[in-house]
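Under the UniProt record's numbering, the first residue of the sequence shown carries the number 1, and numbering increases by one thereafter.
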Amino acid sequence: MAQQASVIVPYAAYLRVYEPLAAFPEPERAHWVRYAKRDRVPTAQDELRRSLADLLPVPPVAVPERESADAFVAEVDGVVCVCPWRTRLRGWQALAALSQAAGEQEVAMPQTVLDAAVPPVVRRQAAADYERWLTRNPDARPWIRTALWHVPVRWFVLFSSEEKEFAKPGTGEESVQQFVLRYRTPMVQARRRLARGLKVIREELEEGPLVDGLVDVGRWLEEFHPRSLVELDYGGLAHAIPEEQLADDDSAADVAEGIAALRAGDGERAGVAYERLTDRWRAVRELQFAN
């Protein structure tokens, strides 16, 4: 087990919502109450390993046959909160997004590689299963959003630079086994920052992907309990960035400075902050094409 834990599965970042136990109806609430009392709960690395293992059989298991009963657990001001994995739902959504990107020729991998990894017949079956499931669960939504090889700019709008937590392996209260960089903030703060940022960006910039992305995140956050915790976790990306750069990463501050500059009508300062941010993440995204 120790050897397995040392194997790091990269390279994804996550936006998560942890809801208080009171937000869940019975009997699910009782399940999470028992779950939160366990001595050890699985990590994001455990979930990724399970998902990758499912791709090994022939044909591969693109989406788990059953929904995960696991979750991440956090305590917020003495209140236990959980973030259900919902791996099956997220698998369906990721596969749908991948198929759409392939159809629009926006996927990073060649079509032949995609078809070899997840054959078209497997993707079609998964899509049909998802469509049937949605008819019975029209209001379903994930507690976790995932981004590969970058952190979307819109995610940083939810956080303050003072909320950044950086830990090296073997340090900190949690004695982490790998580098951790994350932000955590109360749901009320996340919604307030998003609303303010969206107002400024709409007033100063044209409608576009950034505005659409912020609106989408805002609608997603509205689905959760107001006393929830919102977390941005760099996940496996923490291992694609040199330690010194990771410790000095001020992406949330850059976004906040850019929005403040727009609010003040200082387009030049906003442009400098945005360029600093994009240069940092362009270097990370280009690693996916490295040999």
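For glycine and all other residues, C-beta sits at the position ideal for the given N, C-alpha and C.
- Look at phenylalanine 72 here: in three-state DSSP terms it is strand.
- In this model, glycine 218 and tryptophan 155 are separated by some 10 Å (Cα to Cα).
- Isoleucine 259 sits in a helix when the DSSP states are folded into three classes.
- Closest option to leucine 198, judged by alpha-carbon separation, among Ala238, Ala256, Phe179: Ala256.
- If you check the CB distance, arginine 16 and isoleucine 144 come in under 8 Å.
- For proline 84, the pairing in a beta bridge is given by DSSP as Ala71.
- Per DSSP, the unbroken alpha helix (DSSP H) holding valine 284 starts and ends at 267-285.
- Nearest in C-alpha terms to tryptophan 85, of all of Pro64, Ala96, Ala97, Ser99, is Pro64.
- Rounded to whole angstroms, the Cβ separation of alanine 71 and tryptophan 32 is 7 Å, and the two are in contact under 8 Å.
- Here alanine 12 is near glycine 236, since their CB atoms are less than 8 Å apart.
- Taking the C-beta atoms as reference points, alanine 240 is found no nearer than 8 Å to leucine 181.
- Residue pairing by DSSP places threonine 135 opposite no residue, since no beta bridge is assigned to it.
- In this structure, the straight-line span from the alpha carbon of leucine 114 to that of arginine 90 is close to 18 Å.
- DSSP, reduced to helix, strand and coil, places alanine 23 within a helical segment of the structure shown.
- A distance below 7 Å between beta-carbons, with the five flanking residues on each side excluded, links cysteine 83 to the following residues of its chain, in chain order: Arg16, Val17, Tyr18, Ala71, Phe72, Trp143, Ile144.
- In this structure, the straight-line span from the alpha carbon of glutamate 222 to that of tryptophan 149 is close to 27 Å.
- CA-CA distance, proline 226 to cysteine 81, rounds to 12 Å.
- Residue environment for threonine 87: buried (at least 16 other C-beta atoms within 10 angstroms of its C-beta).
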